[in-house]
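Report on the structure given below.
Protein chains: 2
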Amino acid sequence: MSNWKLTLAYDGSAFNGWQIQPGLPTIQGTLQQAIATVTGTPITPATPLPQGSGRTDSGVHALGQVVSIALDAPIPPQSLLRALNSALPPTIRVLSADPVPDAFHARHSVLRKAYEYRIFERRPEGSPSTEEICSPFLAPYVWDCRWPLTLDPMQHAAALLVGTHDFTSFAAADPDLSARSTGSAGPNPLKTIYTSTLTREQGLLIYRVTGSGFLHHMVRNLVGTLAEIGRGALTPDDLPRILAARNRSAAGPTAPAQGLYLVKVDYPSTSGESL
Amino acid sequence: MSNWKLTLAYDGSAFNGWQIQPGLPTIQGTLQQAIATVTGTPITPATPLPQGSGRTDSGVHALGQVVSIALDAPIPPQSLLRALNSALPPTIRVLSADPVPDAFHARHSVLRKAYEYRIFERRPEGSPSTEEICSPFLAPYVWDCRWPLTLDPMQHAAALLVGTHDFTSFAAADPDLSARSTGSAGPNPLKTIYTSTLTREQGLLIYRVTGSGFLHHMVRNLVGTLAEIGRGALTPDDLPRILAARNRSAAGPTAPAQGLYLVKVDYPSTSGESL
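Chains as they are written, first to last, in this note's numbering: chain F, 8 to 282; chain R, 8 to 282.
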């Protein structure tokens, strides 16, 4: 057995999220099937599941999801990459395949994750009153936001998120969903945000955030709250109160899944490097 | 009744082409439904169908499909545009809605059409031997071509297509499909090509062609033949022979639908202008 680190990009539009579910197309299930095809090993209840750095929800995309999987078959990395890409649908691509030490685990070894959230502005700041039309080629990949957003207070609020905070107010309210991420004990709501910025680029507002880890729906709930600030329903000064409330209902709504991208997952250099 | 010209963009991925078909998602059927919703008129067998400048096949995209439709309801253009975009799925957008003279017909009045075909090169000319990976976000919108293409002879061949030719060799072999485009008489295979160019742009090969009209599958068959030239199976010198053969089997294969875009449809200024 040798341990592998796979880096994946996927268009989440046509999948019911990362986690394998019977009868539904998921990234994990599709990848497990492709691995079985490539290695010529039929799937049994004992077949190990490819482990992702974390789950992505239905509709969420990835530019650099990381997966670990132990494989029996000796296979050169470039051959594994090509064979997997032949077996996978074009909406999932393996960008790299690297042998890693046995101790490497895509979820347990995570050091830092980077997400990006893309907002299409129908009524960009300072534009004439006519609405922009969100291209059909862009629509599955952005949040088509119907109201004008003022950038400055959103940027100010984004910067206030940097640091270590209890993000309970930004975690999915659904107890089942929250519990899912670390089992019955529930996730640790204390997370450290390293960078948190909002920029206007090529007709989109892009929120970029890196952190030690993220609670379920956390980035989408942060963006939903930033959008409330952008339309003036909240101000950056409300953020400390929202964080302190430790209550989901204190923050803004959940931004739609299709604007969210898992961009990059970093690991300590000793566990994630190629051998 | 007033006559309208609508300009549409759509992502063809999720549709079974333009033409309405019972029980299948099509652009024409979806647009008819949206018009019925907006005008509050239930669809009956007597309801006029929106007329497109031509059919697009399953998977083919449009950046500027033109549609004509007569509507009973008096409605300001900007309101019609917004209402239709609210009623349509995000994968179909109305880019403009203009009142036009009764004589305007989106298909009968066509003066010139422009298409674009996008090819992703896994092994771009002059690149190292490793394959490029076609992004999952690009895959539904390009032909992921698996072999190296040499640009120069393809450009030479593209230029040879300009002029008036009998394009029978590039028309769909399926007699049902060919007859569809002008009824039982069959289409006139004599078409005039005004421009025909191939360029390498941002990692894609883009074929752009404008002409008086196009036979069914004609652009995809032209691209399939250019790709045969690009890989050396044919040369530009073969083109006159292929055209003269007036036989589909003389030309190259049909390039996949998802790389094709209907870009623009031009009309004589007297028939297509806003009132």
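Yeah, the Cβ is synthetic: ideal placement off N, Cα and C, and Gly gets one too.
Check                                                                                                                         : Outcome
Close Cβ partners of F/S20 (< 6 Å) along its chain, the five nearest in sequence each way excluded                            : P147
Contained beta strand (DSSP E) runs [length at least 3] in the stretch 78 to 157 of chain F, N- to C-terminal order           : 99 to 107, 119 to 128 and 150 to 152
Residue-level contact to chain F via CB, R/R100, 7 Å cutoff                                                                   : yes
R/L246 and R/L167 closer than 7 Å at C-beta                                                                                   : yes
Burial state of R/E208 (16 or more Cβ within 10 Å)                                                                            : exposed
Length-filtered (3 minimum) beta strand (DSSP E) runs lying within the stretch 183 to 243 of chain F                          : 197 to 208 and 211 to 218
Min CB distance F/I140 to chain R below 7 Å                                                                                   : yes
Residue environment, F/H172, which counts as buried when at least 16 other CB atoms sit within 10 Å                           : buried
Inter-residue CB distance, F/R62 and F/G30 (contact presumed, cutoff 8 Å)                                                     : So it is not a contact: roughly 18 Å between Cβ atoms.
Within-7 Å CB hit, R/Q26 to chain F                                                                                           : no
DSSP-derived helix/strand/coil call for R/L31                                                                                 : coil
Meets three-Cβ-pair contact criterion under 8 Å: the stretch 69 to 76 of chain F and the stretch 109 to 116 of chain F        : yes
Neighbour list for R/D151 in chain F, Cβ cutoff strictly below 9 Å                                                            : P97
Residue of F/A41, F/G239, F/Y214 and F/H223 minimising C-alpha distance to F/L91                                              : F/A41
Reduced DSSP category for R/D159 - H, G, I as helix; E, B as strand; rest coil                                                : helix
Touch test, the stretch 192 to 208 of chain R against the stretch 259 to 272 of chain R, Cβ-Cβ under 8 Å, three pairs minimum : no
Per-residue burial, F/D244 [other beta carbons within 10 Å of its own, 16 or more giving buried]                              : exposed
Cβ of R/F144 within 7 Å of any chain F Cβ                                                                                     : yes
Interface flag, R/A41 vs chain F, CB-CB below 7 Å                                                                             : no
Selection from R/D64, R/Q58, R/A69 and R/T46 that minimises the alpha carbon distance to R/P81                                : R/T46
Rounded C-alpha distance that separates R/D79 from F/L102                                                                     : 54 Å
Three CB pairs or more closer than 8 Å across the stretch 249 to 264 of chain F and the stretch 224 to 233 of chain F         : yes
Pair within 7 Å by beta-carbon distance, F/T14 and F/G66                                                                      : no
CB contact check: F/D18 to chain R, cutoff 7 Å                                                                                : yes
Coarse secondary structure for R/Q58, derived from DSSP in three states                                                       : strand
Rounded separation between F/T204 and F/A165 - CA only                                                                        : 6 Å
6 Å Cβ shell around R/C141 - same chain, five flanking residues per side excluded                                             : F127 and D151
Under 9 Å by beta carbon: chain F residues contacting R/Y122                                                                  : None at all; the shortest Cβ gap to chain F is about 16 Å.
R/L269: first and last residue of the uninterrupted beta strand (DSSP E) it sits in                                           : L267 to D273
Under the three-state DSSP convention, the category R/V169 falls into                                                         : coil
Reduced DSSP secondary structure (H/G/I, E/B, other) of F/L65                                                                 : Position check: residue 65 of chain F holds Ser in this sequence, whereas Leu was assumed. F/S65: coil per DSSP, three-state reduction.
Proximal chain R residues relative to F/N23, where beta-carbon distance stays under 8 Å                                       : Those do not exist, as F/N23 stays about 16 Å from chain R at its closest Cβ, beyond 8 Å.
Exposure label - R/T98; buried when at least 16 CB within 10 Å                                                                : buried
With 16 other Cβ atoms within 10 Å as the buried cut-off, status of F/D64                                                     : buried
Backbone secondary structure at R/T44 - three-state DSSP                                                                      : helix
Cutoff 7 Å; reference R/S219; Cβ partners in own chain excluding five residues on either side                                 : R119, K198 and T199
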